[in-house]
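A.B. asks: Handing you this structure, nothing more for now.
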Amino acid sequence: MDVKELARESRISAPDYSGVTSDGAAISIKAVSAQPDLAQPGRANAQTIAATLTTANGGVTRMAAASGQMDQSANLLRLTGNVTVDTSNGYHITTDTLSAALDRTRVEATNIVHATAPMGAITAGSMIITPDPAAPGDYVLVFNKDVKLVYEPGN
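In structure tokens, the structure reads:
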């Protein structure tokens, strides 16, 4: 039996990661399976990922993707493939890729995003969730780059 081959094929079933960011948000990440990246210690590739970010003020952001990568040395979760983001204040966002910091509250898509929101439909070139610098303890969801809002009254 080849030990290197066993290591290459090692897989963790139902991994679960939990932590707290520097601004007090709780982050939880679960996957169906994960495999360590032997070329990059501290990095693992995962399949069917679900992550939840619960901020100190009680806001909840749920993220899901077909696959992704957790990089503990960079304090970063990267999600790819059918990425969805659902917030407790009524936003449903879809995109191709998303990154979430593990050490602070920062969720970012640097590519096209589509969202349904309480006021209508949004399309933008990127989006980011961060603490609100003007209101400590609060968080903001900002859409950038060619933002298009289709307002739907009564929504």
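For the sequence shown, position 63 (counting from the first letter as 1) is numbered 133 according to this note's numbering, and the numbering increases by one without interruption. All C-beta atoms in this analysis are idealised placements derived from N, C-alpha and C, irrespective of residue type, glycine included. Everything numeric in this text was worked out from a predicted model, so none of it was measured.
At a cut of 8 Å, does the region 154-168 reach the region 82-89 through at least three beta carbon pairs?
C.D. replies: No, because fewer than three Cβ pairs between the region 154-168 and the region 82-89 fall closer than 8 Å, the two stretches do not touch.
A.B. asks: Can you look up Gly133 in the DSSP assignment and give me helix, strand or coil?
C.D. replies: For the record, residue 133 in the displayed sequence is Met; it is not Gly. Strand at Met133.
A.B. asks: In three-state terms, what does DSSP make of Arg113?
C.D. replies: Arg113: strand per DSSP, three-state reduction.
A.B. asks: Starting from Ser187, trace the beta strand (DSSP E) in both directions and tell me its first and last residue.
C.D. replies: Ser is not the amino acid found at residue 187; the sequence shown has Ala there. From DSSP, the beta strand (DSSP E) with Ala187 extends over Val183 to Ala187.
A.B. asks: Using CA coordinates, which residue listed in Pro188, Ala191 and Ile182 is at the minimum distance from Asn44?
C.D. replies: A query on residue 44 cannot be resolved here, the shown segment of the chain reaching from 71 to 225 and no further.
A.B. asks: Can you round the beta-carbon distance between Leu149 and Leu172 to whole angstroms, since I take them to be within the 8 Å contact cut?
C.D. replies: So it is not a contact: roughly 13 Å between Cβ atoms.
A.B. asks: Given Met197, which residues of its chain have a CB within under 6 Å of its CB, disregarding the five upstream and five downstream residues?
C.D. replies: Result list for Met197: Ala179, Val183 and Phe213, in chain order.
A.B. asks: Kindly say whether Thr193, judged by its beta-carbon, lies nearer than 9 Å to any beta-carbon of chain B.
C.D. replies: Annotation note: the requested chain B is absent from the structure, which comprises a single protein chain.
A.B. asks: How far does the beta strand (DSSP E) with Ser169 in it reach, from first residue to last?
C.D. replies: His162 to Ala171 is the span of the beta strand (DSSP E), which, as asked, contains Ser169.
A.B. asks: Give the range of the beta strand (DSSP E) segment to which Ser88 is assigned.
C.D. replies: Start and end: Asp86 to Val90.
A.B. asks: Go through its chain and collect everything with a Cβ distance to Thr118's Cβ below 7 Å, but skip five positions before and after it.
C.D. replies: Taken in chain order, the residues that qualify are Ala101, Val102 and Ala136.
A.B. asks: In terms of residue numbering, what span does the beta strand (DSSP E) encompassing Glu222 cover?
C.D. replies: Unbroken run through Glu222: none, as it is neither H nor E.
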